[in-house]
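See structure below.
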Ligand code: RIB
Ligand code: CA
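Numbering (the working numbering), first residue to last: 526 to 840.
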């Protein structure tokens, strides 16, 4: 496929991040050119090692991995999500080490160079805290302006939070960065809990790609901690792979129904910190609105994910 869309994934692997990266690699519509890592589910060094190993698992250690911000922009947010993703971030699964080394360039430099050198617009999928994207806007606004689409996994319009009562984890991890990104005017799609929570990957779906071969089997093994956590915490027989839904929108634009809205991030230090306040009154003339995903076909999204992941072992 010649007209593949150049893609960058900014990520904090993370179980659902791993699934999202594998989904991109299984999708001929996109050409994964770069992975940048950011603090989040676990520490920066670990998410970076995890990114290298997930790419190697799929036979794609050729994709460069550049490490980014190890902490949020302004206020330290040291709390990670090891209790959900496992202490090392991949559900306790030890993937084989990659032969590739981390790209020596900082993530912002690698991303800026790719954006400035790409003749066609680049889609950036940001599925961790938005610190790297905010830094790109500050350090290289000309490069940021060349982003064709920014698809963000984060926030919640009306589903409350998952890390606090008010906030979703990625936004809560760096609210100031999120505010900078959502008011930048970049062409942004916000894929939040409103559409990810209804999109449940069932154990039956996991079994389908697990049966496809070693890559699918490893993906299923990585998911197992997520499955156990969902069962124990929520009594559900399936998992919400938030980041994979954001990548689905990045791969097939228009998968989700969106509405143009202004989004304000609570950057105070109180109980609401990290909340995304979606303004349903009107769209401001400032041009800073984003496309907020409000509609999803969960069954179709899950089938897309499962069928694509099952292809990985056919490659
Ligand atoms: O709230 C879900 C988000 O937080 C996902 O990106 C998950 O990987 C965690 O980082
Ligand atoms: Ca993530």
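Positions of the beta carbon are idealized from the N, C-alpha and C atoms, including for glycine.
The criterion of a C-beta distance shorter than 8 Å is not satisfied by residue 711 and residue 663. The beta carbon of residue 738 is closer than 7 Å to those of 838 in its chain, skipping five residues each way along the sequence. One Cα belongs to residue 821, the other to residue 775, and the distance between them is close to 14 Å. Counting only runs of 3 or more residues that sit fully inside the stretch 726 to 799, the beta strand (DSSP E) segments are 763 to 765 and 782 to 790, in chain order.
Spanning the alpha carbons of residue 554 and residue 784 requires a straight line of approximately 24 Å. Secondary structure of residue 558 (DSSP, three-state): strand. In the assembly as shown, residue 715 is a buried residue. Its beta-carbon has 16 or more other beta-carbons within 10 Å. Beta-bridge partners of residue 647 (DSSP): 672. Proximity of the beta carbon of residue 593 to ligand 1 is not indicated: no heavy atom of the ligand is located closer than 7 Å.
Between the C-alpha atoms of residue 704 and residue 792 there is a straight-line separation of about 8 Å. If you check the C-beta of residue 774 against ligand 1, you find no heavy atom less than 7 Å away. A straight line joining the alpha-carbon of residue 655 with that of residue 836 spans about 30 Å.
Residue pairing for residue 811: DSSP places it in no beta bridge. Residue 534 carries a strand assignment under DSSP once its states are collapsed to helix, strand and coil. The alpha-carbon of residue 761 is positioned some 6 Å away from that of residue 755.
Taking 4 residues as the minimum length, the alpha helix (DSSP H) runs contained wholly in the stretch 602 to 628 are 607 to 610, in order along the chain. Residue environment for residue 751: buried (at least 16 other C-beta atoms within 10 angstroms of its C-beta). Secondary structure at residue 564: coil, using DSSP grouped into helix, strand and coil. The DSSP-derived three-state label of residue 600 is coil. Under DSSP, residue 592 forms a beta bridge with 562.
Rounded to the nearest angstrom, the gap between the Cα atoms of residue 730 and residue 826 is 12 Å. Ligand 2 never approaches residue 696 closely enough for any of its heavy atoms to be under 7 Å from the residue's Cβ.
The three-state reading of DSSP puts residue 708 in coil, since its state is none of H, G, I, E or B.
Contact check for residue 535 against residue 658 passes: the beta carbons are separated by less than 8 Å. Residue range 632 to 642 is occupied by the alpha helix (DSSP H) that includes residue 639.
Under DSSP, residue 818 forms a beta bridge with 783.
Each of 600, 539 and 630 was checked against the Cα of residue 795, and the nearest Cα belongs to 600. In this structure, residue 650 lies near residue 532, with their beta-carbon atoms less than 8 Å apart.
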